[in-house]
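>
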Amino acid sequence: MHAITINEPGGPEALVWAEVADPVPGEGEVLVEVVAGAVNRADIMQRQGFYDPPPGASPYPGLECSGRIARLGTGVSGWSVGDEVCALLSGGGYAEKVVVPAGQLLPVPEGIDLRQAAALPEVVCTVWSNVFMVSHLRPGETLLAHGGSSGIGTMAIQLAKAVGARVAVTAGSKEKLERCAELGADILINYREQDFVAEVREATGGAGVDVILDNMGAKYLDRNLQALAVNGRLAVIGLQGGRKAELDIGTMLAKRVAVTATSLRARPLEEKTAIVAAVREHVWPLLAEGHVRPVVDRELPMSEAAAAHRVVEESGHIGKVLLVLE
0 MHAITINEPG GPEALVWAEV ADPVPGEGEV LVEVVAGAVN RADIMQRQGF
50 YDPPPGASPY PGLECSGRIA RLGTGVSGWS VGDEVCALLS GGGYAEKVVV
100 PAGQLLPVPE GIDLRQAAAL PEVVCTVWSN VFMVSHLRPG ETLLAHGGSS
150 GIGTMAIQLA KAVGARVAVT AGSKEKLERC AELGADILIN YREQDFVAEV
200 REATGGAGVD VILDNMGAKY LDRNLQALAV NGRLAVIGLQ GGRKAELDIG
250 TMLAKRVAVT ATSLRARPLE EKTAIVAAVR EHVWPLLAEG HVRPVVDREL
300 PMSEAAAAHR VVEESGHIGK VLLVLE
C-alpha cells in the first residue's frame with residue numbers, strides 16, 4: 000500500500016507519499032481500506048518531531064479516517080467485511096489501509112457521506128469526552144470554546160447547542176465568527192480586537208462561563224480562570240499558547256473551579272472504547288437527525304498532504320481539511 004511517511008521531522012515537505020508494507024489486523028482488530036482521512040494539529044506536531052506515536056501505534060500520521068472494512072482479525076464480532084465505517088486512530092490514517100481496534104470503530108452515521116465521515120471521530124470524541132464526560136456541561140449553562148471555527152470548535156458549538164447550552168466562541172476574523180454564528184454560537188469574540196474575559200462577563204451579567212474548552216494552554220490560563228463562573232470547569236486540550244504558566248490557586252479556591260487537561264491519542268484502549276461507545280450512544284442520533292453535521296473546509300488528495308498541512312498551519316480554514324483517496 001501507499002502511506003504518507005516522515006523520514007525526518009521538518010516542514011510540510013517532510014511528508015512523502017511512499018510505498019510501505021500492508022498492515023495486518025491482530026486479535027480484536029480490523030483492517031480498513033481508507034477512503035478519507037482528516038488533518039489534525041497533532042499531525043503537524045508529529046511531522047515537526049514534537050509528538051511521537053504511542054508505543055505500538057502506526058508510525059504514519061492520521062488520527063481518524065473513514066472507509067470500508069476489508070478484513071476481520073480473530074475475535075471480532077458485530078462487524079462484517081464491506082461495512083462502511085469511520086474510526087478513531089492512534090496513527091496511520093494517512094494511508095490506503097489502516098488497522099483499527101474494533102472498539103474504536105463507528106458506523107457511518109445515517110445521512111453522512113462516507114468521505115465526510117472522516118471529519119468526525121477525533122473531534123467528536125475530543126469534544127464529548129472533555130465537555131460532557133469530564134466537564135459535565137448541562138442545559139442552560141454557558142460554554143466558551145476557543146478557536147470556534149476549528150474542527151473542534153465547530154463541533155463543540157453544535158453539540159453544546161444540541162443539549163440546550165449557550166455558546167461563546169473566540170475566532171480571529173469576521174468571516175470565521177459569522178460561520179460560528181451560523182452553527183449556533185451566541186457570543187462572538189474576535190480575539191484580535193476584544194478581551195474575551197470582558198466580553199463573556201458582560202454577556203453573562205458578570206457571572207462568567209461554566210465550561211471552557213481551551214486549545215491554547217499557558218497563554219490563556221490566567222484569563223480562563225478569570226472568565227470562569229463559580230463552580231466553573233476548564234478543560235485544556237492543546238498547547239498552542241505554550242505549556243508552562245502560573246496557576247492562581249487562590250482564584251480556584253474562591254470560585255471552586257476545576258481544571259483538567261487531557262489528550263486522546265495516548266489513552267488506553269479501554270478508555271478510548273468507552274468514549275467511542277458514549278459517542279455512538281449520544282452523538283450518532285444527533286447526526287442521524289441532522290442536528291449536528293461535520294464541517295468540512297476542503298478536500299485534497301491524500302498524496303498532497305503537504306498542501307493540506309500548509310492550509311491548517313496558516314489557519315485559513317473553517318472546520319476540517321480532508322485527505323481523500325476516492
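Sequential numbering of the sequence shown, starting at 0, is according to numbering that gives the first Met the number 0.
Just so you know, even glycine gets a beta-carbon here, dropped at the ideal spot from N, CA and C.
#1: Opposite asparagine 189 in the DSSP bridges: which residues?
#2: Since glycine 231 is in the beta strand (DSSP E), which residue starts that stretch and which ends it?
#3: For the region 125 to 137 and the region 100 to 109, state whether three or more C-beta atom pairs, one from each stretch, are separated by less than 8 Å.
#4: Give me the Cα-Cα distance between valine 84 and proline 22, rounded to the nearest whole angstrom.
#5: For the putative contact between valine 229 and leucine 142, defined by C-beta atoms under 8 Å, what is the C-beta separation to the nearest angstrom?
#6: Helix, strand or coil, according to DSSP, for threonine 259 in the structure here?
#7: What are the uninterrupted segments assigned as alpha helix (DSSP H) that are 4 or more residues long and contained completely in the region 129 to 185, given in chain order?
#8: Within the continuous alpha helix (DSSP H) that includes histidine 308, where are the two ends?
#9: Could you check which residue in Gly139, Glu270, Gly183 has the C-alpha nearest to that of serine 148?
#10: Looking at the secondary structure, which residues open and close the beta strand (DSSP E) in which leucine 88 lies?
#11: Report back the beta-carbon spacing between isoleucine 5 and alanine 13 to the nearest angstrom; my notes put them in contact at under 8 Å.
#12: Quick check: what's the CA-CA separation for glutamate 270 versus arginine 191?
#13: Within the same chain, show all residues whose beta-carbon is closer than 6 Å to that of proline 293, passing over the 5 residues directly before and after it, in chain order.
#14: Could I get the ranges of all uninterrupted alpha helix (DSSP H) runs contained in the region 16 to 83, with 4 residues as the minimum, in chain order?
#15: Helix, strand or coil, according to DSSP, for threonine 125 in the structure here?
#16: Go to arginine 264, then tell me how far its beta strand (DSSP E) extends in each direction, as first and last residue.
#17: Taking the alpha carbon of glycine 91 as the reference point, which residue from Val282, Pro53, Val166 has its own alpha carbon closest?
#18: Mind checking whether alanine 2 and glutamate 63 have CB atoms under 8 Å apart?
#19: By alpha-carbon positions, which one of Arg232, Ser302, Ser57 ends up nearest to threonine 259?
#20: If you run the structure through DSSP and keep just helix, strand and coil, what is alanine 206?
#21: Tell whether a beta-carbon distance below 8 Å holds between leucine 212 and histidine 145.
#22: Let me know the secondary structure DSSP gives alanine 13 once reduced to three states.
#23: Quick one: what does DSSP say leucine 285 is sitting in, helix, strand or coil?
#24: Rounded to the nearest angstrom, how far is the Cβ of methionine 154 from that of valine 122, given a contact under 8 Å?
#25: For alanine 2, list the residues DSSP reports as bridge partners.
#26: Quickly, what does DSSP pair valine 291 with across the bridge? List them, please.
#27: Can you give me the C-alpha to C-alpha distance between proline 106 and aspartate 82, rounded to a whole angstrom?
#28: List the residues that DSSP assigns as beta-bridge partners of arginine 297.
#29: So for proline 120, helix, strand or coil by DSSP?
Judging by the given coordinates:
#1: Working through the sequence shown from its first residue, we reach residue 189 at position 190. Partner(s): Ala170.
#2: The count along the sequence shown starts at 1 and reaches residue 231 at position 232. First-last of the beta strand (DSSP E) with glycine 231: 227 to 235.
#3: no
#4: Your numbering for residue 84 matches position 85 in the sequence shown. Your numbering for residue 22 matches position 23 in the sequence shown. Taking the straight line from one Cα to the other gives about 18 Å.
#5: For this step, residue 229 is matched to residue 230 along the sequence shown. For this step, residue 142 is matched to residue 143 along the sequence shown. Not really, about 16 Å apart at Cβ, beyond 8 Å.
#6: Locating residue 259 in the sequence shown gives position 260, where the first residue counts as 1. Threonine 259 falls in the strand class under three-state DSSP.
#7: 150 to 161, 173 to 182
#8: Within the sequence shown, the letter at position 309 stands for residue 308. That run of the alpha helix (DSSP H) goes 304 to 312.
#9: Here residue 148 is taken as the residue at index 149 of the sequence shown, counted from 1. Answer by Cα proximity: Gly183.
#10: On the sequence shown, residue 88 is found 89 positions in, with the first residue counted as 1. It is not in any beta strand (DSSP E) - leucine 88 carries neither H nor E in the DSSP assignment.
#11: Reading the sequence shown from its first residue, position 6 is the one you call residue 5. Reading the sequence shown from its first residue, position 14 is the one you call residue 13. At roughly 5 Å, the Cβ-Cβ gap stays under 8 Å, so isoleucine 5 and alanine 13 are in contact.
#12: Sequence index remark: in the sequence shown, residue 270 carries index 271 (1-based). Sequence index remark: in the sequence shown, residue 191 carries index 192 (1-based). Near 37 Å, if we compare the C-alpha coordinates of arginine 191 and glutamate 270.
#13: Numbered from 1 along the sequence shown, position 294 holds the residue referred to as residue 293. Around proline 293: Gln115, Ala118, Leu119.
#14: 40 to 47
#15: Residue mapping note: residue 125 aligns to position 126 of the sequence shown, counting from 1. In the structure shown, threonine 125 sits in a helix (DSSP, three-state: H, G or I).
#16: Within the sequence shown, the letter at position 265 stands for residue 264. First-last for arginine 264: undefined, no H or E at that position.
#17: Translated into the one-based positions of the sequence shown, residue 91 becomes position 92. Of the listed residues, the one whose Cα sits closest to glycine 91 is Pro53.
#18: What you label residue 2 is simply residue 3 of the sequence shown in a count that begins at 1. What you label residue 63 is simply residue 64 of the sequence shown in a count that begins at 1. Going by C-beta atoms, alanine 2 is not nearer than 8 Å to glutamate 63.
#19: In the sequence shown, residue 259 corresponds to position 260, counting from 1. Out of Arg232, Ser302, Ser57, Arg232 has the C-alpha closest to the C-alpha of threonine 259.
#20: The residue given as residue 206 occupies position 207 in the sequence shown. The answer is coil: DSSP assigns alanine 206 none of H, G, I, E or B.
#21: Reading the sequence shown from its first residue, position 213 is the one you call residue 212. Reading the sequence shown from its first residue, position 146 is the one you call residue 145. Yes; because the gap between Cβ atoms is below 8 Å, this pair is in contact.
#22: Against the sequence shown, residue 13 aligns to sequence position 14. Looking at alanine 13 - three-state DSSP - the assignment turns out to be helix.
#23: Within the sequence shown, numbered from 1, the residue matching residue 285 stands at position 286. In the structure shown, leucine 285 sits in a helix (DSSP, three-state: H, G or I).
#24: Stepping through the sequence shown from its first residue, residue 154 is reached at position 155. Stepping through the sequence shown from its first residue, residue 122 is reached at position 123. With a Cβ gap of about 4 Å, methionine 154 and valine 122 count as contacting.
#25: Your numbering for residue 2 matches position 3 in the sequence shown. Per DSSP, Ala17, Ala94.
#26: In the sequence shown, residue 291 corresponds to position 292, counting from 1. DSSP output for valine 291 lists no bridge partner at all.
#27: Position 107 of the sequence shown holds residue 106. Position 83 of the sequence shown holds residue 82. Going by the C-alpha atoms only, they are around 8 Å apart.
#28: On the sequence shown, residue 297 is found 298 positions in, with the first residue counted as 1. Val320.
#29: Position 121 of the sequence shown, counting from 1, holds the residue named residue 120. Helix at proline 120.
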